[in-house]
Each structure stands twice: as C-alpha cells, then as structure tokens.
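Student: Before I ask anything, here is the structure I am working with.
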Amino acid sequence: ASVPLVQLEMAELTEEVVAQLHQEDSNIKREDEERAPADAADAAEQKDAAAGDSTPPATAVERHISIQTKLEGLEMLVDMNGAGRKSCPLCPEEKFKACYSHKLRRHLQNLHWKVYVEFEGHKMCICHLPCRNLKPSLGVDQASGRHIAHYHCVVCSVTIARKTDMVSHLKRHVNKGETEASYSSSSNVVLNEPAPPGQAYEIMKELGTDVQLLPNHTTPQKSDTYFSRKMKSNRQLVFCSLAVLAEERNPLECLDAFGATGIMGLQWAKHLRNAVRVTITDISDTC
Numbered sequence: 249a250s251v252p253l254v255q256l257e258m259a260e261l262t263e264e265v266v267a268q269l270h271q272e273d274s275n276i277k278r279e280d281e282e283r284a285p286a287d288a289a290d291a292a293e294q295k296d297a298a299a300g301d302s303t304p305p306a307t308a309v310e311r312h313i314s315i316q317t318k319l320e321g322l323e324m325l326v327d328m329n330g331a332g333r334k335s336c337p338l339c340p341e342e343k344f345k346a347c348y349s350h351k352l353r354r355h356l357q358n359l360h361w362k363v364y365v366e367f368e369g370h371k372m373c374i375c376h377l378p379c380r381n382l383k384p385s386l387g388v389d390q391a392s393g394r395h396i397a398h399y400h401c402v403v404c405s406v407t408i409a410r411k412t413d414m415v416s417h418l419k420r421h422v423n424k425g426e427t428e429a430s431y432s433s434s435s436n437v438v439l440n441e442p443a444p445p446g447q448a449y450e451i452m453k454e455l456g457t458d459v460q461l462l463p464n465h466t467t468p469q470k471s472d473t474y475f476s477r478k479m480k481s482n483r484q485l486v487f488c489s490l491a492v493l494a495e496e497r498n499p500l501e502c503l504d505a506f507g508a509t510g511i512m513g514l515q516w517a518k519h520l521r522n523a524v525r526v527t528i529t530d531i532s533d534t535c
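Below, the structure is given as structure tokens:
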C-alpha cells in the first residue's frame, strides 16, 4: 500500500513541477514580447545616431548657386542628360522659359557665365532670381522692382547690381584684408560680453581692431547698402575720435590727418593697432 502512495505523491510533485515550469515559460515569453518593442526602438535610435554621425556637418555659410569655379559647376545645377525641357537655375520662369539641354547650355554660358566677376578663383555669375528684394520706386511695378540682375558677393553675400560696383566692392574687401575665409565662420564678429539686464543689444567687436560697434536697431536698414549686417548694422553717420597713446602726437592733429569718417578710422585702426584708440559715436538719431 505504501508503494502506490509514494507513486501518487511523486505524480502530484511532477504535476506541480510541470505547472511551475509552464508558468515560468509563460512569464518569460510575456516579458520577451513586452521587451521586443523597446529593443526595436533602441536599435532604431542607434541606427539613426550612426547615420547622423556619418553625415558630414553642414557648412556655416552656404555659397550662393551663382558662385562657381568652373562652367561645368554651373551646368551641374541642372540635369543636362535628362529628357524633356529644363528651367534655368538662375532665372525665373517668366524671364526664361524651360527649354531643351542644348539651348539651356548656351543660355548659361552666354548670359550668366561670360559676365562673371572673379575673386580668389570663384566666379560670381549674374543672377536674375528675385534675391535683392528691392523696394520699387514710385510708379514702378513691384514685381519688376524685385527682378533685377545682380551679383552675389563671395565674401559677405551682399547683392550688387552693376559689375563695376561689384569690382569696387571686392577691392574694398581686399584693402581691408577680408577674404572668403574671414566670413565663412562666425569668428568675424565677436561678442564682447552679454548684454546687461534691460539692454536689448550686445556690443560687437570688429575683427582685428579695437573697435566696439553698438548697432542702432531703430534706424531702418537700407537694402541697397554695400555692407552686410556683419560689417555694419545699417548705414549711419559716425565719427571716429582717434586718441593717440604716444605723447609726442596731438590727437586733434591725427584726427584731421586720418579723417573723421568711420571707414577711414577703421582702416587706420587696423594698421596702427595699439598706437591708436578708436571710438565710434553714432549720431544718426540727432541728424
């Protein structure tokens, strides 16, 4: 009688073990099902992060499409080998209708490329896109006032209509020692210190000089100025007071010799460095 009792107890124990193992398997399966979406999300995030790391960083300042080094670069803006009509990348549709590749290639070469302005190996081609956003004069259609042929400066990205004016503009960059590299990063404008409480602007400092420029945001910025906002916040009347640290110089004589305009003062400040101290006083509000 003891043998069947032992067999019965072993059978009950086996059933309990089987039930326990079955319960553990169910729990593990449920945990795996709950963990699967989280693991998939983590894998997707790691994949996106890896793709983001492999992506090259974007440049601080993107050059305008009208600035190229070779004619082939201008033609690469359009798929010349594709079928069908193609639009000019530097002209609006109402100025130059879409055409086939052979005609578009002649258009790019004769209208845009042949009148380029060169600076440090870069060719600034003429652009007919509505980039300038000029305010039309009285009696002039607003649409025609915006669509003006112009060049994009490779140094400061300002738009200038006439080729001779662009050449003069580039000469001023050369005289100031400004190149494309000086404007490709944010090092050309250095913030001196954060604005104090209640002060809505910050003091900017010209590159390579000891000049502090306080922008006057109340004066409307003129769109036809030759200077970008990186160089000047707006066109305003300024006086430069030159105080020479050397004892044998008279500050007033130096002021008369160097001129009292802001641009001349900045030029001499770059050459004389520590020999002069330049202060800019904005009097545009009082004039």
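In my numbering, each number is its position in the sequence shown, counted from 1, plus 248. Just so you know, even glycine gets a beta-carbon here, dropped at the ideal spot from N, CA and C.
1) Between the segment 322–333 and the segment 349–358, are three or more C-beta pairs nearer than 8 Å?
2) Given SER314, which residues of its chain have a CB within under 6 Å of its CB, disregarding the five upstream and five downstream residues?
3) Could you pull out every residue in the same chain whose Cβ sits closer than 7 Å to the Cβ of SER335, ignoring the five residues on either side in sequence?
4) Should LYS318 go down as buried or exposed, given a rule of 16 or more other Cβ atoms within 10 Å for buried?
5) Is THR412 buried or exposed, if buried means 16 or more other CB atoms sit within 10 Å of its CB?
6) From the DSSP output, in three-state form, read off THR407 for me.
7) Reducing DSSP to helix, strand and coil, say where GLU320 ends up.
8) So what does DSSP say about VAL422, is it helix, strand or coil?
9) What's the gap between the Cα of VAL403 and the Cα of ARG353?
10) How big is the Cα-Cα spacing for ASN329 and TYR348?
11) Can you tell me where the alpha helix (DSSP H) with LYS334 in it begins and where it stops?
12) Output the distance between the C-alpha atoms of VAL406 and PHE367, rounded to the nearest integer angstrom.
13) Along the beta strand (DSSP E) that carries LYS371, what are the first and last residues, could you check?
14) Tell whether a beta-carbon distance below 7 Å holds between ILE408 and HIS421.
15) Is VAL365 helix, strand or coil when you go by DSSP?
16) Rounded to whole angstroms, what is the Cα-Cα separation between VAL415 and TYR364?
17) Is HIS417 helix, strand or coil by DSSP?
18) Out of curiosity, what's the CA-to-CA distance linking GLU426 and ASP327?
19) Output needed for HIS398: all residues of its chain with C-beta closer than 7 Å, excluding positions within five of it in sequence on either side, in chain order.
20) Measuring alpha carbon to alpha carbon, tell me which residue in PHE344, GLN316, HIS350 and ILE396 is nearest LYS362.
21) Compare the C-alpha of LYS343 against each of HIS312, ILE396 and LYS424 and name the closest.
22) What is the residue span of the alpha helix (DSSP H) that LEU352 lies within?
23) Looking only at its chain, what residues have a beta carbon closer than 6 Å to the beta carbon of LYS371, apart from the 5 residues adjacent to it on each side?
24) Tell me which residues share the same chain as HIS312 and place their Cβ nearer than 6 Å to its Cβ, disregarding the 5 neighbours each side in the sequence.
25) Where does HIS360 sit, in a helix, a strand or coil, going by DSSP?
Tutor: Inspection of the coordinates gives the following:
1) yes
2) LEU338, CYS373, CYS375 and HIS400
3) GLU341 and ALA346
4) exposed
5) exposed
6) strand
7) helix
8) helix
9) 27 Å
10) 10 Å
11) Looking at the DSSP string, LYS334 is not in any alpha helix (DSSP H), and its letter there is neither H nor E.
12) 14 Å
13) 370–372
14) no
15) strand
16) 11 Å
17) helix
18) 35 Å
19) CYS375, CYS379, ARG380, THR407, ILE408 and ALA409
20) GLN316
21) ILE396
22) 349–355
23) GLN316 and TYR364
24) HIS400
25) helix
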